[in-house]
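*Asks:* The listed protein sequences correspond, in order, to chains X and D. For the first sequence, our numbering assigns the number 1 to the initial residue and increments by one for each residue that follows. For the second sequence, our numbering assigns the number 87 to the initial residue and increments by one for each residue that follows. No residue lacks a Cβ here, since even glycine has one placed at the ideal position from N, Cα and C. For clarity, every value in this text was computed on a predicted model and none was experimentally measured.
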Amino acid sequence: MIEWSERKAYWRNTKMQMLTSLLPFLLVLIILPLYAEVLNDMRIFGIPLGYFLACHGLLIIAFVTVAVFVNRQDAIDHWHGAHEDI
Amino acid sequence: MAVTSGVRLVNPRLGTYFGIFSAAFASLVLMALMLEQLGVSDMGVRLLMFAGPIALCGALGLLTPASDPNDYFACGRRVPAFFNGLVLAITALGGAGLMALTGAFFTVGFDALCLSLGISTGLVFMGVLLAPFLRKSGDYTVPSFLGRRFESRPLRIVAAAVLAVPLLLLLAAEARFAAYAAAWLTDQSEPIMAVAVVACACAMVFAGGMRSHTWSASAKAIAALAALAVPATIVALMVSNLPLPQMTHGNILRVITKMETARNLPYLAAPPLAFDVPAQGLEPLAKRFIQTFGSIGSMAFVLMALVATAGTAASPALLNRPGSTPGVHEARKSFGWAVMIAGVVFLTLPAIAIFLRQMLLDQVVGQPADRLPSWFQALQQVGVARVDPTGPTVSFINISFDRDAAWFALSYAAGFPQAMVYLSLAGGVAAALAALAASLLAGANILSEDIVHGLRAEPASNGARIGTARVALGGLTFAAGWLAVAAPADPLKLFLWSLTFSASAVFPVLILSVWWKRTTAWGAIAGMLTGLGVAVAAILLGEAGAWGLPGVLAGAVGLPAGFAAAVAVSVLSPKPGRNVVHILQEIRVPGGETLYDRELRLQRLKTRAVA
Chain X
1 MIEWSERKAY
11 WRNTKMQMLT
21 SLLPFLLVLI
31 ILPLYAEVLN
41 DMRIFGIPLG
51 YFLACHGLLI
61 IAFVTVAVFV
71 NRQDAIDHWH
81 GAHEDI
Chain D
87 MAVTSGVRLV
97 NPRLGTYFGI
107 FSAAFASLVL
117 MALMLEQLGV
127 SDMGVRLLMF
137 AGPIALCGAL
147 GLLTPASDPN
157 DYFACGRRVP
167 AFFNGLVLAI
177 TALGGAGLMA
187 LTGAFFTVGF
197 DALCLSLGIS
207 TGLVFMGVLL
217 APFLRKSGDY
227 TVPSFLGRRF
237 ESRPLRIVAA
247 AVLAVPLLLL
257 LAAEARFAAY
267 AAAWLTDQSE
277 PIMAVAVVAC
287 ACAMVFAGGM
297 RSHTWSASAK
307 AIAALAALAV
317 PATIVALMVS
327 NLPLPQMTHG
337 NILRVITKME
347 TARNLPYLAA
357 PPLAFDVPAQ
367 GLEPLAKRFI
377 QTFGSIGSMA
387 FVLMALVATA
397 GTAASPALLN
407 RPGSTPGVHE
417 ARKSFGWAVM
427 IAGVVFLTLP
437 AIAIFLRQML
447 LDQVVGQPAD
457 RLPSWFQALQ
467 QVGVARVDPT
477 GPTVSFINIS
487 FDRDAAWFAL
497 SYAAGFPQAM
507 VYLSLAGGVA
517 AALAALAASL
527 LAGANILSED
537 IVHGLRAEPA
547 SNGARIGTAR
557 VALGGLTFAA
567 GWLAVAAPAD
577 PLKLFLWSLT
587 FSASAVFPVL
597 ILSVWWKRTT
607 AWGAIAGMLT
617 GLGVAVAAIL
627 LGEAGAWGLP
637 GVLAGAVGLP
647 AGFAAAVAVS
657 VLSPKPGRNV
667 VHILQEIRVP
677 GGETLYDREL
687 RLQRLKTRAV
697 A
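(1) With 8 angstroms set as the bound, which would you pick, yes or no: does the beta-carbon of D/Ile342 sit closer than that to a beta-carbon of chain X?
(2) Answer with yes or no whether the minimum CB distance from X/Tyr10 to chain D is below 8 angstroms.
(3) Closer than 8 angstroms, CB to CB, is X/Ser110 near chain D or not?
(4) Using a Cβ cut-off of 7 angstroms, pull out every chain X residue sitting near D/Val419, in sequence order please.
(5) Which class does D/Ala676 belong to by DSSP, given the choice of helix, strand or coil?
(6) Does D/Gly189 have its Cβ less than 8 angstroms from a Cβ in chain X?
(7) Can you pull the chain X residues whose beta carbon is under 8 angstroms from the beta carbon of D/Arg407, in chain order?
(8) Below 8 angstroms, how does it come out for the stretch 670-680 of chain D and the stretch 213-230 of chain D: are there three or more Cβ pairs, yes or no?
(9) To the nearest angstrom, report how far apart D/Asn548 and D/Asp154 are at their CA atoms.
(10) Over what stretch of residues does the beta strand (DSSP E) that includes D/Ile382 continue unbroken?
(11) Out of D/Ala280, D/Gly181, D/Gly429, D/Val363, which one is the CA nearest neighbour of X/Val66?
(12) Can you tell me where the beta strand (DSSP E) with X/Ser21 in it begins and where it stops?
(13) Please confirm if D/Gln671 has its CB atom under 8 angstroms from at least one CB of chain X.
(14) Enumerate in chain order the residues of its own chain whose CB-to-CB distance from D/Gly295 is below 7 angstroms, with the five nearest sequence positions on each side excluded.
(15) Pull up the distance between the alpha-carbon of D/Leu541 and that of D/Arg551, whole angstroms please.
(16) Could you list which residues in chain X have their beta carbon closer than 7 angstroms to that of D/Pro676, in chain order?
(17) Should D/Leu256 go down as buried or exposed, given a rule of 16 or more other Cβ atoms within 10 Å for buried?
(18) Going by other Cβ atoms of all chains shown within 10 Å of its Cβ, with 16 needed for buried, is D/Pro390 buried or exposed?
(19) By how many angstroms is the C-alpha of D/Arg684 removed from the C-alpha of D/Ala88?
(20) Could you tell me how far apart the beta carbons of D/Phe581 and D/Ala259 are, in whole angstroms, since I believe they sit closer than 8 angstroms?
(21) What are the partner residues of D/Pro252, as DSSP defines its beta bridges?
(22) By the three-class DSSP mapping on this structure, what secondary structure does D/Asp576 have?
(23) Along the stretch 632-647 of chain D, where does the CB come closer than 7 angstroms to a CB of chain X? Name the residues.
(24) What is the rounded straight-line gap between the Cα of D/Gly501 and the Cα of D/Met445?
(25) Looking only at C-alpha atoms, which of D/Leu519, D/Ala250, D/Phe231 sits nearest to D/Val698?
(26) Suppose only complete runs of 4+ residues qualify. What are the alpha helix (DSSP H) ranges in the stretch 459-519 of chain D, listed by chain order?
(27) In angstroms, rounded to a whole number, what distance separates the CA positions of X/Gly57 and X/Leu26?
(28) Measure the CB-CB distance between D/Ile537 and D/Ala246 and report whether it falls below 8 angstroms.
(29) Do D/Ala424 and D/Phe593 have their C-beta atoms within less than 8 angstroms of each other?
(30) For the alpha helix (DSSP H) that D/Pro370 lies in, which residues bound it at each end?
(31) Against X/Thr65, what residues of chain D qualify as contacts under a CB-to-CB distance less than 7 angstroms, listed in chain order?
(32) Within 8 angstroms, do at least three Cβ pairs link the stretch 179-193 of chain D to the stretch 38-49 of chain X?
(33) According to DSSP, which residues form a beta bridge with X/Ile44?
(34) Jot down the residue ranges of each uninterrupted alpha helix (DSSP H) in the stretch 269-311 of chain D, minimum 4 residues, whole runs only, in chain order.
(35) What does DSSP give as the partner residues of D/Phe361 in its beta bridges?
(36) Give me the Cα-Cα distance between D/Pro545 and D/Arg690, rounded to the nearest whole angstrom.
Take a look at the structure:
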């Protein structure tokens, strides 16, 4: 069970983890498609680069984001003693 | 010391059971293929492929009854992360994400990415921003969560009413998608099949609520993913010798880009706010696949991705899923699985679209109008494709195609036996049924838990809660059947409206309720009502053409308005009491007793003391 004095520090770390997980991803989501046309002139594995990054790249980033988030947040929980009992 | 939940046992034979289901489904498909070759009538094969999967999934739903509220509303809190992610993914996708999105990729190419990106990002956002806290609160519905978080009964009622809007739109959309595929599969009229599929969805979750739904939706997800993967993989093997459509469609993309240049397809430039996805029915093909922003403008692309993100993250049909996992950690993990499964699907859909487009460009475009390939003539006979030739040969802009048929048309174009087409159709029915059942169940639970029992001071007995939930489910089934027959709009549009409403009315308040301590009950009520009102106004203005923002993008103004109203009213109203802040502090920490379980325990102690 988490100590009362730990709660503030725990929530500060949790907030920072949330922002570091979501903000870069959100930026890529907004900016990348706008430059896809330019990137399409280059190719990777025969696929136009802009399409490849928007379709394959963003989905890979999404999965990596969640995977990293789950592990990092789990570490934060354990560090502050906020994890579940079982 | 009380533990977080009573039962933490995960059924160790889940893998075996779903292995048996997958084997049964595979043998059903093989049987259909054999029966077709043996000359059994076409109608017999159709009925086998319609009734077989529904009977298998329905049996799973009927054989898992529940008599305890914890089982009925939260599947006993013992769904492992993978299966929870599987159900999350298939509910987020549904018929809209599989049938309509494949068609959108086929017709407008690159521009359809805004939807697939938005939905997968929405799952990420929900997993990070909302799911762990919903799981810790342990409430069965979103209005109950908000009511507990702010200790406010009016907010609970308002939230239930507001959530009904996106839920009913989603219900109507998924019922229409299921009816479309089922009508094609059984050769019946669409309204009859709409009633039939809604009744099927109700029967599949009636016995055990969330427990039945989790079992049958996992099975439907397996069926739908198989139906998506099998034709795409075989075609990928045929055209590129590598059974990975997700990776190999890039080379075909190069081929069709060359073909499109050779056939002089027009370069379109859409205004920044244009949102021109193909409507239901036969629509002309116009755009080059790889060209960006030819049908959907650049601004509309980004806005749609953001609205779909917020709408999926706050979708009422998904928000009750985290509650059924064994703990907060598993709830987070299930979103990893959901993103992965949805991601693989989102890589397969453009592959199907590209393969179909290549076959169309190669075999139909440029041919004499009276010598079209037999598969295209078959598609014309079914009524999903049309050519209006203006010259001696067919040119690209003369071809019209039914958006929702693209996934199924691939099996025609590749020359597969009819049973393969029926497999895809059965997969489409299964996916739409899963999303339909999820929204039916979420709506019925909100109706019974928050409207009927939420108004009473005394907690209801277990039997009364489940009984009311079943009555509400029956009532909602009739409403959904009527909606599916009566709703005139394009189902994809209904789906997008549902996203817009949950983005503007639900998303801001849910986010603030967890991440901003100062939010008050009045702020939350104001945020929900403002978001809903602004979204309705923006949709009406957009549909009437009174301003440049298309109706489906109404969330782009509704969401900031909802945030602004919630923040402004919260700041103006008195600070939340110590009790409310304490509840929030409990919700934010994964460890310790689930709030809902603690309330039940305290109630039991109280009744024991009185007795």
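*Replies:* In brief:
(1) Translated into positions along the second sequence, residue 342 of chain D becomes position 256. So no, D/Ile342 is outside the interface.
(2) As a working note, residue 10 of chain X is residue 10 in the first sequence. X/Tyr10 counts as touching chain D.
(3) Any question about residue 110 of chain X goes unanswered here, given that chain X covers just 1 to 86.
(4) Along the second sequence, one-based indexing puts residue 419 of chain D at 333. Sequence check: residue 419 of chain D is Lys here, not Val. Ordered by position in chain X, the residues that pass the 7 angstroms Cβ test against D/Lys419 are Val70.
(5) Position 590 of the second sequence, counted from the first residue, corresponds to residue 676 of chain D. Note that residue 676 of chain D is Pro in the sequence shown here, rather than Ala. Looking at D/Pro676 - three-state DSSP - the assignment turns out to be coil, as it is neither helix nor strand.
(6) What you label residue 189 of chain D is simply residue 103 of the second sequence in a count that begins at 1. It does not: the Cβ of D/Gly189 has no partner Cβ on chain X nearer than 8 angstroms.
(7) Within the second sequence, residue 407 of chain D is the residue found at index 321, counting from 1. Simply none; closest approach about 15 angstroms.
(8) yes
(9) Numbered from its first residue, the second sequence carries residue 548 of chain D at position 462. Numbered from its first residue, the second sequence carries residue 154 of chain D at position 68. Their backbone Cα atoms lie some 7 angstroms apart in a straight line.
(10) For this step, residue 382 of chain D is matched to residue 296 along the second sequence. For D/Ile382, no beta strand (DSSP E) encloses it, and the DSSP letter there is neither H nor E.
(11) The sequence position of residue 66 of chain X within the first sequence is 66, counting from 1. It is D/Gly429.
(12) The count along the first sequence starts at 1 and reaches residue 21 of chain X at position 21. Element bounds for X/Ser21: not the beta strand (DSSP E) but the alpha helix (DSSP H), 7-31.
(13) Against the second sequence, residue 671 of chain D aligns to sequence position 585. So, interface residue.
(14) Numbered from 1 along the second sequence, position 209 holds the residue referred to as residue 295 of chain D. The residues are Ala152, Tyr158, Phe159, Leu527, Ala555.
(15) Numbered from its first residue, the second sequence carries residue 541 of chain D at position 455. Numbered from its first residue, the second sequence carries residue 551 of chain D at position 465. One C-alpha to the other measures close to 13 angstroms.
(16) Numbered from its first residue, the second sequence carries residue 676 of chain D at position 590. Neighbours of D/Pro676 in chain X, taken as residues whose beta carbon is under 7 angstroms from its own, are Asp77, Ala82, His83, Glu84 in chain order.
(17) Here residue 256 of chain D refers to the residue found at position 170 when the second sequence is read from its first residue. It counts as buried.
(18) Taking the first residue of the second sequence as position 1, residue 390 of chain D is located at position 304. It should be noted that the sequence gives Met, not Pro, for residue 390 of chain D. When all chains shown are included, D/Met390 counts as buried.
(19) In the second sequence, the residue the question calls residue 88 of chain D occupies position 2. In the second sequence, the residue the question calls residue 684 of chain D occupies position 598. In this predicted model, D/Ala88 has a pLDDT of only 42, less than 50, meaning its place in the structure is not dependable; the value taken from the coordinates is given anyway. Spanning the two alpha carbons is a distance of roughly 9 angstroms.
(20) As a working mapping, residue 581 of chain D is identified with position 495 in the second sequence. As a working mapping, residue 259 of chain D is identified with position 173 in the second sequence. Rounded, the Cβ-Cβ distance is 4 angstroms, consistent with contact.
(21) Residue 252 of chain D sits at position 166 when you count from the first residue of the second sequence. Note: D/Pro252 sits in no beta bridge, so no partner.
(22) Translated into the one-based positions of the second sequence, residue 576 of chain D becomes position 490. Three-state result, D/Asp576: coil.
(23) none
(24) For the purposes of this step, residue 501 of chain D is taken as the residue at position 415 of the second sequence. For the purposes of this step, residue 445 of chain D is taken as the residue at position 359 of the second sequence. For D/Gly501 and D/Met445, the distance between alpha carbons rounds to 11 angstroms.
(25) Beyond the ends of chain D as shown, which are 87 and 697, falls residue 698 of chain D; an answer cannot be given.
(26) 460-468, 492-499
(27) Translated into positions along the first sequence, residue 57 of chain X becomes position 57. Translated into positions along the first sequence, residue 26 of chain X becomes position 26. Their Cα atoms are separated by approximately 13 angstroms.
(28) Position 451 of the second sequence, counted from the first residue, corresponds to residue 537 of chain D. Position 160 of the second sequence, counted from the first residue, corresponds to residue 246 of chain D. Taking 8 angstroms as the Cβ cut-off, D/Ile537 and D/Ala246 qualify as a contacting pair.
(29) Numbered from 1 along the second sequence, position 338 holds the residue referred to as residue 424 of chain D. Numbered from 1 along the second sequence, position 507 holds the residue referred to as residue 593 of chain D. It is not a contact, given that the beta carbons lie outside the stated cut-off.
(30) For the purposes of this step, residue 370 of chain D is identified with residue 284 of the second sequence, where counting begins at 1. First-last for D/Pro370: 368-370, but that is the beta strand (DSSP E), not the alpha helix (DSSP H).
(31) As a first step, residue 65 of chain X must be located in the first sequence, where it is residue number 65. Within chain D, the residues whose beta carbon sits less than 7 angstroms from that of X/Thr65 are Val210, listed in sequence order.
(32) no
(33) Looking up residue 44 of chain X in the first sequence gives position 44. In the DSSP output, where bridge partners are listed per residue, X/Ile44 has X/Ile47.
(34) 276-292, all fully within the stretch 269-311 of chain D.
(35) The residue you call residue 361 of chain D lines up with position 275 of the second sequence. DSSP, once it has assigned bridges, lists D/Ile382 as partnering D/Phe361.
(36) As a working mapping, residue 545 of chain D is identified with position 459 in the second sequence. As a working mapping, residue 690 of chain D is identified with position 604 in the second sequence. Roughly 11 angstroms between the two C-alpha positions.
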